[in-house]
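In what follows, a structure is listed as structure tokens, so that the remarks can point back to it.
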Amino acid sequence: MLNLIFCELLKLKRSKMLPLSIVGALATPIMMLLEALQTHFEHPEQSFTLSDIYENSLLYVMLLMNMLIYVAITAYLFSREYTEKTLKTILPVPVSRNKLVNVKFFTLLIWSIMLSVVSWIGSLVLSTIYHFIFGLDDFYFTASLQWLIKFVLSGIMMFFTVSPFAFLAEKTKGLVAPMIISAVMVMGNVALCNQNIGALYPWTATFFLLEGKTESTGYPILLSIGIIIFVSVIGFCVTFHYFKKEDLK
Amino acid sequence: MEYIIETENLVKQYGAATVVNNINIHVPRGNIYGLLGRNGAGKTTAMRMMLNLVFPTSGTIYLFGVDCRENTEKLYCKIGSIVETPGFYENLTAYENLELLRRLRGKQKKEYVQDALKVVGLQNERTKPFSDYSLGMKQRLGIAAAIMHKPELLILDEPINGLDPIGISEIRLLLSELSQKYGTTIFISSHVLNEIEQIADIIGVMHEGKLIEEVNVEGLHKSNRRYLEFKVSDTLAAVKLLENHYRITDYLIQEDTIRVYDHTYNSGEINKCFINNELLVTQVNVYEENLEDYFSTLIGGGGIA
Chain A
1 MLNLIFCELL
11 KLKRSKMLPL
21 SIVGALATPI
31 MMLLEALQTH
41 FEHPEQSFTL
51 SDIYENSLLY
61 VMLLMNMLIY
71 VAITAYLFSR
81 EYTEKTLKTI
91 LPVPVSRNKL
101 VNVKFFTLLI
111 WSIMLSVVSW
121 IGSLVLSTIY
131 HFIFGLDDFY
141 FTASLQWLIK
151 FVLSGIMMFF
161 TVSPFAFLAE
171 KTKGLVAPMI
181 ISAVMVMGNV
191 ALCNQNIGAL
201 YPWTATFFLL
211 EGKTESTGYP
221 ILLSIGIIIF
231 VSVIGFCVTF
241 HYFKKEDLK
Chain B
1001 MEYIIETENL
1011 VKQYGAATVV
1021 NNINIHVPRG
1031 NIYGLLGRNG
1041 AGKTTAMRMM
1051 LNLVFPTSGT
1061 IYLFGVDCRE
1071 NTEKLYCKIG
1081 SIVETPGFYE
1091 NLTAYENLEL
1101 LRRLRGKQKK
1111 EYVQDALKVV
1121 GLQNERTKPF
1131 SDYSLGMKQR
1141 LGIAAAIMHK
1151 PELLILDEPI
1161 NGLDPIGISE
1171 IRLLLSELSQ
1181 KYGTTIFISS
1191 HVLNEIEQIA
1201 DIIGVMHEGK
1211 LIEEVNVEGL
1221 HKSNRRYLEF
1231 KVSDTLAAVK
1241 LLENHYRITD
1251 YLIQEDTIRV
1261 YDHTYNSGEI
1271 NKCFINNELL
1281 VTQVNVYEEN
1291 LEDYFSTLIG
1301 GGGIA
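Here it is as structure tokens:
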């Protein structure tokens, strides 16, 4: 299994997807800095804290930017074996189909957490620069550490909710369909992030749970968790089942 | 006889289409088995089933005498393969791609990678990623990947695709050497009948999903018929002369030519007889029915590829 993990990581060597995803994960902190600068110059009387920046960052990370990136990564990890026609080379080695999918999901999990941490680091670095130039209220490193836990958890939760896209990538053998569907899904996020029913939409439900907003929507937390689990379990099951039974023509 | 590959009523259907229809292939240990057939004959699907890439609709595949669905890890580590154009990770170099396969196999010596690259002449391609390779280089890397772990069985689907004539010759020599020196069993498909003819011990012919012939090449060469061909002005008069003067009855008339399969008399003697009897002979040839003719006849004309 360790060899499989090593090989999966080796496959990413010189891959453009890795630096691109890191740049993508830094987009949210940059957007936050621009927003902070705009607020500073337009409404100098307004003050905000490090936590405010992290809260907004988490919203963009979970509902917009990183969600798109994680879907792109998922589609890349699962479809590249088809587009580069490598399955006919590695499966007869032999490599177990189940193990291969397992390792891909594991890589996706590590990658998602890593990108969430990149977003956190980006927010911290840019907030620090802002703090030294313009000043931020309640700027404590310990506060940012609390947000680190939330960002890592967001990466883990998003990993679970992107599992259906792995199946979609396997089925369509490319990036296009998952990316189009993810764009629709993100539009759903935008529409529902301020609605109570967002607690029942798996991709906003994760954000509500992490921010402790689910209770205020009036929907039971267990129902929200149940929907997230249902979507991710279905995603994992169909991905494993399809790959195990698929004829590689 | 010990068969390294043996299929039993192997069938593959996609919907209503039967791509592989009840084939029974027998590949003896240490032999080179050439699988021939036109595009769409079912060769690649049969090979993919042997490599566990495609699942049979029915039938069984025995590899090394064992059902290929049992103990796959032990069975497949003894096999090297290429299926059509080899697929490798585009962003990795030849060395990295082989290193990845070495690690996936586990318990393999590190030198195997460099040795395999040397065999196919790619040892100096240290920095070029696979995406920048020519088709011939990709094919060479595929061969290196197939042989690097010193397998007992090679399953090669169109391995010489994209290779230049020198490359083809090198690969032919390599395969012959592997078979003769190390006793490697090779199951190879190709469109190039001539190539298969030169290296194979046994030839199987697939047509429309069926295995219509499985024949020993040596026996086939022995049974190939030589014939004399005369292009004459009057075939009926010529036939009369053949029957009356030489008692030849083994002949075939094709428009204005006669094929004589009887080797009792030489072409000069028969030609002289025709001329003496005022027949105009415009062409005399000595032919040997080659494998292509044989297989073309077998699958109903139009060539094997």
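Protein chains in written order, with our numbering: chain A, 1 to 249; chain B, 1001 to 1305. Idealized CB from N, CA, C, for every residue including glycine.
Item	Value
Proximal chain A residues relative to S1081/B, where beta-carbon distance stays under 7 Å	P92
Three-way DSSP call (helix, strand, coil) for E246/A in this model	coil
Other residues of its chain near V1284/B: CB distance less than 6 Å, five sequence neighbours each side excluded	F1230, S1267, N1271
Residue-chain proximity (K13/A, chain B), Cβ-Cβ < 8 Å	yes
Simplified DSSP state of Y1062/B, which is helix, strand or coil	strand
is_contact[C1077/B, chain A] using C-beta, thresh 8 Å	yes
Buried/exposed call for I1304/B, threshold 16 Cβ in 10 Å	In this prediction, I1304/B has a pLDDT of 49, which is less than 50 and means its spatial position is unreliable; what the coordinates show is noted afterwards. When all chains shown are included, I1304/B counts as buried.
Among T1007/B, G1209/B, F1055/B, the one whose alpha carbon lies nearest that of I1061/B	T1007/B
For N1021/B, three-class secondary structure by DSSP	strand
Cβ shell of G1136/B (< 8 Å), same chain only, five flanking positions each side left out	G1162, L1163, D1164, G1167
Residue closest to G1034/B, alpha-carbon to alpha-carbon, out of K1240/B, Q1254/B, I1202/B, N1216/B	I1202/B
8 Å Cβ cutoff, D1024/B in contact with chain A	At residue 1024/B the sequence reads Asn, which differs from the Asp that was named. No - not a single Cβ of chain A is within 8 Å of the one on N1024/B.
Proximity test, Cβ basis, 8 Å: V1054/B and chain A	yes
Sequence-distant residues of its chain with Cβ nearer than 8 Å to K99/A (five each side left out)	M1, L4
Chain A residues whose Cβ lies nearer than 7 Å to that of N1091/B	K13, R14, S15
Alpha helix (DSSP H) runs contained entirely in the stretch 1168-1248 of chain B, provided each spans 4 or more residues	1193-1199, 1217-1223, 1235-1246
Cβ-based neighbour list, T1262/B, same chain, cut-off 6 Å, excluding 5 preceding and 5 following	Note that residue 1262/B is Asp in the sequence shown, not Thr. So the list reads I1248, D1250, once near-sequence residues are dropped.
Beta carbon of L1104/B nearer than 8 Å to that of L1193/B	no
K150/A versus F207/A: straight-line alpha-carbon distance, rounded	10 Å
Best match in F48/A, L68/A, K249/A, F236/A for proximity to N102/A [C-alpha to C-alpha]	F236/A
Between the CA atoms of I229/A and L136/A - distance to the nearest angstrom	38 Å
Nearest residue (CA-CA) to L1010/B, options I1025/B, L1154/B, T1127/B, Y1076/B	I1025/B
I1304/B, DSSP secondary structure in three states	The predicted model places I1304/B with a pLDDT of 49, which falls under 50 and marks its position as unreliable; any figure quoted below should be read in that light. Coil at I1304/B, not helix or strand.
Per-residue DSSP class, three states only, for K1012/B	strand
Chain-ordered residues of the stretch 1159-1172 of chain B with a beta carbon less than 9 Å from chain A	none
Backbone CA spacing between V1019/B and K1012/B [nearest angstrom]	6 Å
Contact list for T107/A against chain B, beta-carbon separation under 9 Å	Correct list: empty, because the minimum Cβ distance to chain B is about 14 Å.
Nearest residue (CA-CA) to A1094/B, options L1279/B, R1126/B, I1079/B	R1126/B
Cβ-Cβ separation, V1205/B to E1213/B (assumed contact under 8 Å), whole Å	4 Å
Contact set between the stretch 1120-1153 of chain B and chain A, restricted to residues whose Cβ is under 7 Å from the partner	P1129, A1145
Run of the alpha helix (DSSP H) containing L176/A, from where it starts to where it stops	Per the sequence shown, residue 176/A should be read as Val rather than Leu. Segment 176-192, the alpha helix (DSSP H) holding V176/A.
Min CB distance F240/A to chain B below 8 Å	no
Proximal residues of chain A, C-beta to C-beta of E1073/B below 9 Å	P94, S96
Span of the alpha helix (DSSP H), counted from its first residue to its last, around P29/A	17-42
Assumed close pair Y1294/B, Y1265/B - CB separation to whole angstroms, cut-off 8 Å	Contact flag wrong, Cβ pair sits at about 25 Å.
Three-pair Cβ contact test at 8 Å for the stretch 145-161 of chain A versus the stretch 82-95 of chain A	no
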